[in-house]
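There are 2 protein chains.
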Amino acid sequence: MPTAHDVLFRTLADPTRRAIFERLCRDGEQTVSALTAWARVSQPAVSKHLGVLKHAGLVRDRHQGRQTHYSAQLGALAPLIDWTSQMAGFWQSRFDHLEDLLKRMDQ
Amino acid sequence: MPTAHDVLFRTLADPTRRAIFERLCRDGEQTVSALTAWARVSQPAVSKHLGVLKHAGLVRDRHQGRQTHYSAQLGALAPLIDWTSQMAGFWQSRFDHLEDLLKRMDQ
DNA sequence: CCGATATATAGCTCTACAGTTATATGTAGA
DNA sequence: TCTACATATAACTGTAGAGCTATATATCGG
């Protein structure tokens, strides 16, 4: 079973997809047409990327007539932040452990 | 040309490779043998992953006789943290802008 | 120098997936 | 209802890369 980290990293690994997400973060809600006009890939490709981003919880869609507006869901980045600080935490705790060890050896 | 984000996301996208990096963060320096015994893939696969991680700056290798010791380089995660806070920053600034707008409308 | 061990590289295969074109679905306006 | 437009889905293709086995390179012990 894929974890939240798995999904996030895999989703953000593709440059085109990440660029779309970045654009949504930067400039806010956008229609598929707007994103397609800007991206260097076809409209179906954009739709597919948006589908993957949506599946990962990174975007939200809002239907209005013929158009679909997509917007970034920043909260979905939480597991990424958690993972990073967890790695930093592990590192720090090993460092602390070493410090302890050195202190005890010193006595 | 691939950016630092590109390399990092792509490198960490693979679950096996990320697991190896996590292990190095958790338990510190490890030999290839130790990592292979623990991972669910062959020794060449582990070596290849370590090569990719090294290329991304995420690990460091230290040769000692026949063995190669690998350790995590936490600093390499910086661009990831930067990217995340940049995305959050964009979001925040758009929010601030909206706040401004509402304030001005209120007057 | 020789066998054993540790790691890296070579060469191959198989799969996941990003991209494409064509088409289906759905909505707006005349 | 007919046409134009907006998006999604289908079906296919090409390629990157993760995995394997076999082998090369290098170091240790005898």
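Heads up: the sequence lines are chains P and X, in that order. Under the numbering used here, the first residue of the first sequence is numbered 1392, with each subsequent residue one higher. Under the numbering used here, the first residue of the second sequence is numbered 1392, with each subsequent residue one higher. All C-beta atoms, glycine included, are put in the ideal place defined by N, C-alpha and C.
Helix, strand or coil, according to DSSP, for residue i in the structure here?
| i | result |
| --- | --- |
| X:Gln1483 | helix |
| P:Ser1476 | helix |
| P:Arg1453 | strand |
| P:Thr1422 | strand |
| P:Ala1463 | strand |
Using the beta-carbon of each residue, which ones in chain X are nearer than 9 Å to residue i?
| i | result |
| --- | --- |
| P:Met1478 | Phe1412, Glu1413, Cys1416, Arg1417, Ala1463, Leu1465, Leu1468 |
| P:Asp1397 | Ala1404, Pro1406, Arg1409 |
| P:Arg1485 | Cys1416, Arg1417, Asp1418, Gly1419 |
Assuming residue i and residue j are in contact, meaning their beta carbons sit under 8 Å apart, how far apart are those beta carbons, in whole angstroms?
| i | j | result |
| --- | --- | --- |
| X:Thr1407 | X:Thr1459 | Not confirmed; about 18 Å, so no contact. |
| X:Leu1468 | P:Met1478 | 7 Å |
| X:Ala1404 | P:Ala1404 | 4 Å |
Kindly list, in the order they appear in chain P, the residues whose Cβ is closer than 9 Å to that of residue i.
| i | result |
| --- | --- |
| X:Arg1380 | Outside the shown range of chain X, which is 1392 to 1498, sits residue 1380 of chain X, and nothing can be said about it. |
| X:Thr1475 | Leu1468, Leu1471, Ile1472, Thr1475 |
Going along the chain, which residues of its own chain have a beta-carbon closer than 7 Å to the beta-carbon of residue i, five neighbours each way excluded?
| i | result |
| --- | --- |
| P:Pro1470 | Ala1395, His1396, Leu1399 |
| P:His1402 | The sequence given here has Thr at residue 1402 of chain P, not His. Counting only Cβ-Cβ distances below 7 Å, and skipping sequence neighbours, we find Arg1408, Val1443, Leu1444, Ala1447, Leu1449. |
| P:Val1432 | Thr1407 |
Would you please verify whether the beta carbon of residue i is less than 9 Å from any beta carbon of chain X?
| i | result |
| --- | --- |
| P:Arg1451 | no |
Counting only the same chain and skipping the five closest in sequence on each side, list residues whose C-beta sits under 8 Å from that of residue i.
| i | result |
| --- | --- |
| P:Val1450 | Phe1412, Leu1415, Leu1441, Leu1444, Tyr1461, Ser1462, Ala1463, Gln1464 |
| P:Ala1410 | Ala1430 |
| X:Ser1438 | Val1423 |
Can you name, in chain order, every residue of its own chain whose Cβ lies under 6 Å from the Cβ of residue i, other than the five neighbours on each side?
| i | result |
| --- | --- |
| X:Glu1420 | His1460, Ser1462 |
| X:Trp1482 | none |
| X:Arg1485 | none |
Show which residues of chain P have a CB atom less than 8 Å away from the CB atom of residue i.
| i | result |
| --- | --- |
| X:Arg1401 | Ala1404 |
Within 9 Å (strictly less), CB to CB, does residue i reach chain P?
| i | result |
| --- | --- |
| X:Pro1435 | no |
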